[in-house]
Structure formats: structure tokens, C-alpha cells
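All residue numbers for the first sequence refer to numbering that gives the first Met the number 0, where the first residue is 0 and numbers rise by one.
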Amino acid sequence: MRNTDIARVFEHIATMLEIEGANPFRIRAYREGARVVENHPEPMSTLAGAEGGLDGIKGIGKDLAQKIRDLVATGTTATYEELKQKVPLEVVGLTELHGLGPKRVKTLMTELHVRNRADLERAVHAGKLRELPGFGETTEQNVLKALATADSARGRLLLHAAWEVARALAAHVKAVRGVTQAEPAGSFRRRRETVGDLDLVVTGGRAESVMDAFVAHPDVAEVLGRGDTKSSVRLVNGLQVDLRHVPPESFGAALLYFTGSKAHNIELRKLAIEKGCSLNEYGLTKGERSIAGRTEEEVYRALGMDWIPPELREAGDEITQALAGTLPRLIEVSDLRADLHMHTDRSDGQATLEQMVRAAKAAGYEYCAITEHSKALAMANGFDSARVRRSVDEIAAVRKQVGGIHVLHGLEVDILGGGGLDLDDDALALLDWVVISLHSRLSQPKEEMTARVLKALDHPRVNAMGHPTARRIGQRDPVELDLEAVFERAAERGVAMEINAQPDRVDLSDVNARLAASRGVALVIDTDAHSTAQLEHIRYGVFAARRAGLEPERVLNTLRFAEFERRIARSARKGTPRGGTTGTNEPRTGASRKAPGAGRKAVSAGRKPAAASKPTRPRAGQ
DNA sequence: GCCGTTTTCGGCCCGACTGTTTTCAGTCG
Numbered sequence: 000m001r002n003t004d005i006a007r008v009f010e011h012i013a014t015m016l017e018i019e020g021a022n023p024f025r026i027r028a029y030r031e032g033a034r035v036v037e038n039h040p041e042p043m044s045t046l047a048g049a050e051g052g053l054d055g056i057k058g059i060g061k062d063l064a065q066k067i068r069d070l071v072a073t074g075t076t077a078t079y080e081e082l083k084q085k086v087p088l089e090v091v092g093l094t095e096l097h098g099l100g101p102k103r104v105k106t107l108m109t110e111l112h113v114r115n116r117a118d119l120e121r122a123v124h125a126g127k128l129r130e131l132p133g134f135g136e137t138t139e140q141n142v143l144k145a146l147a148t149a150d151s152a153r154g155r156l157l158l159h160a161a162w163e164v165a166r167a168l169a170a171h172v173k174a175v176r177g178v179t180q181a182e183p184a185g186s187f188r189r190r191r192e193t194v195g196d197l198d199l200v201v202t203g204g205r206a207e208s209v210m211d212a213f214v215a216h217p218d219v220a221e222v223l224g225r226g227d228t229k230s231s232v233r234l235v236n237g238l239q240v241d242l243r244h245v246p247p248e249s250f251g252a253a254l255l256y257f258t259g260s261k262a263h264n265i266e267l268r269k270l271a272i273e274k275g276c277s278l279n280e281y282g283l284t285k286g287e288r289s290i291a292g293r294t295e296e297e298v299y300r301a302l303g304m305d306w307i308p309p310e311l312r313e314a315g316d317e318i319t320q321a322l323a324g325t326l327p328r329l330i331e332v333s334d335l336r337a338d339l340h341m342h343t344d345r346s347d348g349q350a351t352l353e354q355m356v357r358a359a360k361a362a363g364y365e366y367c368a369i370t371e372h373s374k375a376l377a378m379a380n381g382f383d384s385a386r387v388r389r390s391v392d393e394i395a396a397v398r399k400q401v402g403g404i405h406v407l408h409g410l411e412v413d414i415l416g417g418g419g420l421d422l423d424d425d426a427l428a429l430l431d432w433v434v435i436s437l438h439s440r441l442s443q444p445k446e447e448m449t450a451r452v453l454k455a456l457d458h459p460r461v462n463a464m465g466h467p468t469a470r471r472i473g474q475r476d477p478v479e480l481d482l483e484a485v486f487e488r489a490a491e492r493g494v495a496m497e498i499n500a501q502p503d504r505v506d507l508s509d510v511n512a513r514l515a516a517s518r519g520v521a522l523v524i525d526t527d528a529h530s531t532a533q534l535e536h537i538r539y540g541v542f543a544a545r546r547a548g549l550e551p552e553r554v555l556n557t558l559r560f561a562e563f564e565r566r567i568a569r570s571a572r573k574g575t576p577r578g579g580t581t582g583t584n585e586p587r588t589g590a591s592r593k594a595p596g597a598g599r600k601a602v603s604a605g606r607k608p609a610a611a612s613k614p615t616r617p618r619a620g621q
């Protein structure tokens with residue numbers, strides 16, 4: 000059982016207790032336990048086996064430790080089983096719908112005998128919700144909307160939820176004697192933000208041994224089918240996985256075929272036909288003669304084009320580009336030199352300031368920005384101006400404690416309802432890096448929301464906008480916002496747009512990031528990490544950027560620190576309105592592109608961080 | 001249920017917003 004699985008059980012227990020009306024602090028303890036487990040760098044399954052392995056983990060006491068041991072050993076725990084009798088899991092799932100919390104779900108259960116989604120849908124459509132105490136017509140409409148939103152993501156899993164298990168399965172199968180290659184294909188390989196199912200393409204070894212190993216994997220909950228070349232299973236997390244065993248001479252063609260997208264494949268087959276060939280999952284053939292199929296490169300080459308990264312295979316313009324040899328050099332995680340959005344336990348993060356900075360350094364970054372919340376998020380311990388002033392010294396101290404990485408004193412400032420910023424100008428002037436974000440009043444009508452964001456972008460101290468559409472995949476739609484207008488203004492003002500890498504945000508999305516780049520907007524890719532473990536989520540931001548076709552030059556935090564400092568200082572001078580040209584956002588070619596990542600680890604060796612000896616922000620006073 | 005503890009139980013982040021009310025409950029973050 001993985002940490003994420005254990006965390007999910009604790010989350011479920013918390014919600015069940017909430018519906019039952021249990022002691023709120025007991026509920027919180029389970030929630031906290033879930034968070035701690037999910038973000039813990041070591042697997043609970045290992046720790047549970049070792050004597051005292053679970054001791055001293057903050058948030059995990061005697062009781063939860065025992066439950067973790069139960070879960071690891073038996074897959075469940077008594078409390079969970081008992082609660083499931085009273086509150087079915089399907090009912091727990093209903094609380095994930097926006098606008099439905101434990102109290103209303105409890106009412107639905109007792110008053111209307113709602114036991115699952117289907118019951119709820121029937122009740123909503125029959126107009127029964129509005130009659131319930133605490134409900135009304137608006138709430139009924141909101142539930143209807145929430146059901147529709149959830150529908151679009153139904154049956155699909157966040158890429159992050161499939162990530163570990165897909166890689167583990169591939170490695171598991173690869174370990175079978177004789178197997179030479181095992182690759183997850185499908186939308187997983189194209190790095191879409193959610194995946195419906197997983198296709199695993201395998202070659203080498205005896206098919207029978209491969210199938211044996213596959214269905215025996217500990218994460219397999221159910222075997223749906225098993226044949227000579229194909230088997231299907233359902234995993235404990237609900238994901239369906241199909242494995243196909245193919246001969247080595249077909250591996251590339253099969254990988255290509257099962258990676259898709261369907262539209263991309265159709266375009267390729269058309270091209271093959273133009274050349275008098277035929278393309279299918281077994282290979283590219285001309286009459287009886289096999290032309291290519293062993294590798295993807297071989298197939299693409301035979302069709303007269305460059306190999307296309309899976310992220311681009313959506314039948315946009317990638318085939319034209321591949322034929323012309325003009326595919327972009329897509330950004331990679333190793334191109335990034337900074338993470339510019341992260342929280343510590345000073346606001347609502349879990350790690351201390353020092354731990355977070357050390358983790359960023361360990362991730363190989365040359366610089367980073369610590370960006371706590373502002374005071375509008377009271378529950379998150381948001382900073383007011385006095386707290387920001389105290390923070391100046393704290394940041395200075397951590398720069399001394401942890402050498403070898405430049406630490407920017409940042410803040411994630413709330414955009415208030417009218418477009419004002421949740422921090423006064425004097426305090427803003429103390430910051431090196433200002434990210435502005437929407438966290439409240441997310442249902443404003445489009446015109447109001449657009450005006451609000453445009454006003455915020457106009458503030459001269461703003462460097463970037465965090466998770467610009469505030470969506471939560473499968474849970475909350477993006478805000479109503481005229482993105483064209485927002486990108487235009489951002490380009491004018493030199494404000495970067497963030498690709499937030501939280502797996503359930505990925506915001507900007509690939510599509511919107513592409514639009515932003517086409518309008519000359521600079522992008523930043525950040526994790527918004529609330530723990531050191533979440534720094535790894537950066538990959539999901541990079542995936543979106545790759546799907547958007549972004550080259551490293553488009554992304555601000557690929558710049559070396561000195562260049563980055565110059566860039567944000569230049570943006571600061573653009574504070575007063577001027578005839579907007581996007582020219583200053585054009586990529587600087589050359590310098591940043593050479594030897595990606597080469598300088599990162601080297602920097603920590605000797606160079607003293609400039610920021611450490613200069614606590615005031617570089618652009619202050621300009 | 002966890003933590004801290006001046007060891008055995010008291011305290012545990014709460015403000016904004018919405019939609020329901022007619023003074024506040026529920027939800028969100």
C-alpha cells in the first residue's frame with residue numbers, strides 16, 4: 000500500500016466522521032494524518048515494518064501509527080470497515096462535489112435516502128433538493144452544475160495518481176526474464192493532465208511469463224481478461240491497465256499506435272498511403288515488404304519526418320513541423336533553475352523555511368522564491384504588512400544558514416474582489432518577487448473578473464500571476480476570465496503567467512499556456528509546494544509546457560540568476576503605462592540555452608549569493 | 001486523535017462568502 004492509498008483512507012475516515020458529526024478535532028487529526036503520510040518522503044510500508052519506524056512523525060500518534068500498520072498488513076483497518084457500514088464510500092464521494100459538504104450530504108442521506116450519485120441525480124432532477132432545510136433553489140442549481148463538472152472528469156484519474164503506479168508496473172514487467180522494453184503508452188505517455196486507462200507495451204521474453212508477472216502485481220485488484228498477447232486488469236486505485244506483448248520488430252509501431260492520439264495516427268496513416276505504404280500497430284509495410292516498425296524513430300524517418308515527442312501528438316501542427324524539420328526543442332525539468340512559488344510552515348506549508356530552501360537546493364536549483372500567503376487567507380496564516388517586515392530578517396537569516404542558493408523574498412498576494420492587492424505598497428516594496436493570485440470570489444461574472452485581474456496586473460510591483468484560472472481539475476471550473484485581454488496586459492507590463500504544477504491545478508493548462516506564449520507573455524513553471532516532497536510535482540508543470548510546445552527560452556525560471564534579476568528589474572521599470580510592445584518579452588537567445596542545467600550544482604560551490612549580502616530588493620528605489 | 005506536558009488532560013488556525021435565513025449555518029480555503 001502506497002502513501003497516497005493510506006492518505007486516501009484517512010481522508011475517507013475524516014469525511015465519514017464529519018458526516019457522522021464527530022468531534023471536529025478528531026476529524027482534523029485524521030486530515031492532518033493524511034497530509035503527513037501523503038507528503039512523507041519515505042514509504043509507510045517500509046517504516047511500518049521497522050521497529051519504531053513510525054515513531055516521532057509529527058501528526059502520527061499511537062493510534063494512527065497502529066492504523067497505518069493495519070493498512071499495510073491487511074489493506075484496511077477496523078475503524079474504516081465499521082464506518083463504511085454507516086456511510087458508504089459513494090456517499091463520501093458526494094462531498095467532493097462543489098457546494099456539498101458533510102452536513103448537506105448528511106441531510107441528503109437521512110431525508111432523501113441518497114446513497115450514491117445516481118440517487119442524487121434523480122433527486123436533483125426531480126427538484127427535491129430545494130425543499131430540504133438549508134437548501135434552496137440556488138443550491139440545487141449549484142449541485143446540478145457540480146455534477147456536470149465532475150462528469151467531464153468521471154472515470155479519469157489525475158496523471159499524478161497514475162504516475163507512480165504506471166512506472167512501478169513497467170519496471171515490474173521489465174524485470175521479467177528476457178523482456179527488453181516495457182513502456183506505458185496512451186494519454187499517460189502524452190502526459191495529458193488526466194488519464195482514462197493505461198496501455199503498457201512490452202516486448203521480449205515469453206508472453207506467458209510476462210502475463211503471469213503482470214496479473215500478479217500487488218496493485219492489481221481484479222483481472223478483467225487474460226490472453227496470449229493482451230491482458231487487462233483493474234488496479235486498487237480504479238485504473239484499468241491493458242498490457243500488450245508484441246514482437247521486437249513491431250515494438251516501435253505498437254508504441255506509436257497505442258500512444259496516439261487517434262487523430263495523430265490517422266494523419267500518419269494518410270501520409271503512409273500517399274507513399275504507397277500501409278501503417279498499423281505491427282509496422283509500416285509496402286505490399287508484403289516490411290519497411291519499419293522496430294522503433295518509433297524508424298517509422299517517422301521512413302515517413303520522411305523527425306521523431307515527434309509524444310506530448311505534441313495531438314494533430315495540431317506537429318506533423319507539418321516534423322516534415323519541415325522545425326519541431327520545437329521542448330523544455331525539460333533539467334532546464335529549470337528555480338522554483339518561484341512555495342510555502343513554508345510560516346503560512347500553510349508543512350516544512351520550515353530552512354527545510355524548504357535546503358530542499359530547493361537539493362533539487363538542483365540555483366535560486367528560489369519563498370511565497371507565503373497574504374492575510375486574506377486567514378486560515379492559511381496569511382501575512383500582513385507587519386509580518387512581511389519581520390520576514391525580511393527571517394529570509395536574511397536563511398540565506399546565511401543555507402549557502403549556495405539565491406533566496407528571493409516573495410509573497411503570494413491575494414487579488415481582492417475589486418482588483419486591489421492584499422498588501423500595502425510599503426510592504427510590497429520589501430519583496431523581491433510578488434505573485435498575485437485569485438483565491439476568493441471566484442464566481443464573479445466575466446467582465447467583473449477580467450476588470451479585477453487587469454487592475455491587479457497594473458500594479459507596478461507585480462511579477463507574476465499564480466494559477467491564473469484558479470481551476471481544480473474535476474472539482475472546480477476555471478473562473479470566467481477574458482484570457483486574451485489578460486495576456487495582452489501581462490505582456491505589456493512584463494508580468495509572467497504561471498504554469499502551476501500542482502497535479503490537480505495544472506494552471507495555466509497546456510492550451511492556455513500555448514495561447515499565452517503566442518501573445519508574447521513570459522511564463523514561469525512553479526510547484527506551489529506546501530511540503531518538500533511536493534517540489535517533485537514540477538514535472539506536471541513541465542509536461543503542460545511541453546504539450547504547449549514551449550522551448551526553454553519562453554520560461555523565465557530557466558534563466559541564470561543574474562539574467563533573471565536583470566529581467567525583473569526591467570519589468571519593474573515598466574510600471575507606468577506605456578505603449579505596450581511585446582518586444583521586451585522576446586527570448587534572449589544563446590546564453591540560457593547552452594548546457595541546460597550545467598551551472599546549477601556548480602553554483603553552490605563557492606559563489607556567495609548576491610541576495611544574501613543585499614537584503615533589499617534589487618529593484619527597490621528604481 | 002495529536003500534542004505537550006511545569007505527566008494526565010486541556011487546547012487544538014478561523015475569516016470571507018454564499019445562500020439561507022431574519023441572525024446564521026454551511027462551505028471553502
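The C-beta atom is built at its ideal place from N, Cα and C for all residues, glycine as well.
All figures in this text were calculated on a predicted structure; none of them were measured in a lab.
Sub-9 Å separation of residue i and residue j beta-carbons
i    : j    : result
E455 : V461 : Per the sequence presented here, residue 455 reads as Ala, with Glu not at that position. The answer is yes: Cβ separation under 9 Å.
E371 : S346 : yes
F542 : L158 : yes
V232 : L223 : yes
R189 : P309 : yes
G100 : G58  : no
Q180 : V194 : no
A253 : V240 : no
M464 : E497 : yes
L168 : D218 : yes
G20  : K127 : no
G292 : E353 : no
M341 : D481 : no
A350 : S230 : no
Residue i versus residue j - alpha carbon distance
i    : j    : result
V178 : G204 : 5 Å
V220 : L255 : A small correction: the amino acid at residue 220 is Ala; Val does not occupy that position in the sequence shown. Computed Cα separation, rounded: 28 Å.
A165 : V391 : 43 Å
D424 : L507 : 27 Å
R606 : G402 : Unreliable positioning characterises R606 in this predicted model, as indicated by a pLDDT of 33, which lies under 50. A coordinate reading is not provided.
E10  : S436 : 27 Å
D196 : A184 : 10 Å
V452 : V434 : 13 Å
F24  : L376 : 21 Å
D344 : R300 : 52 Å
W306 : L107 : 54 Å
L143 : R565 : 50 Å
K83  : L70  : 15 Å
L624 : A512 : Missing from the structure shown is residue 624; the chain here goes from 0 to 621 and no further.
A611 : H405 : Any answer about A611 is weak, because its pLDDT of 34 lies below 50 and its placement is not dependable; what the coordinates show is given next. If you take the alpha carbons of A611 and H405, they lie about 7 Å apart.
N264 : I318 : 10 Å
D62  : N2   : 17 Å
Simplified DSSP state of residue i, which is helix, strand or coil
i    : result
T370 : strand
L157 : strand
K57  : coil
V412 : strand
H529 : coil
R25  : helix
W432 : strand
M304 : coil
M0   : coil
L134 : For the sequence presented, residue 134 should be read as Phe rather than Leu. F134 falls in the coil class under three-state DSSP.
R190 : coil
S231 : strand
A547 : coil
A167 : helix
Q501 : coil
A568 : helix
D196 : strand
V478 : coil
Residues that residue i bridges to, as DSSP identifies them
i    : result
T202 : Q180 and V245
E624 : Not covered by the structure: residue 624. The range shown for the chain is 0 to 621.
V406 : C367
task = Within the region 254-311, note down every full alpha helix (DSSP H) run reaching 4 residues or more, in order along the chain.
result = With a minimum length of 4 residues, the unbroken runs of alpha helix (DSSP H) contained wholly in the region 254-311 fall at 261-273 and 295-301.
task = Could I get the ranges of all uninterrupted alpha helix (DSSP H) runs contained in the region 327-355, with 4 residues as the minimum, in chain order?
result = Entirely contained in the region 327-355, not one alpha helix (DSSP H) run reaches 4 residues.
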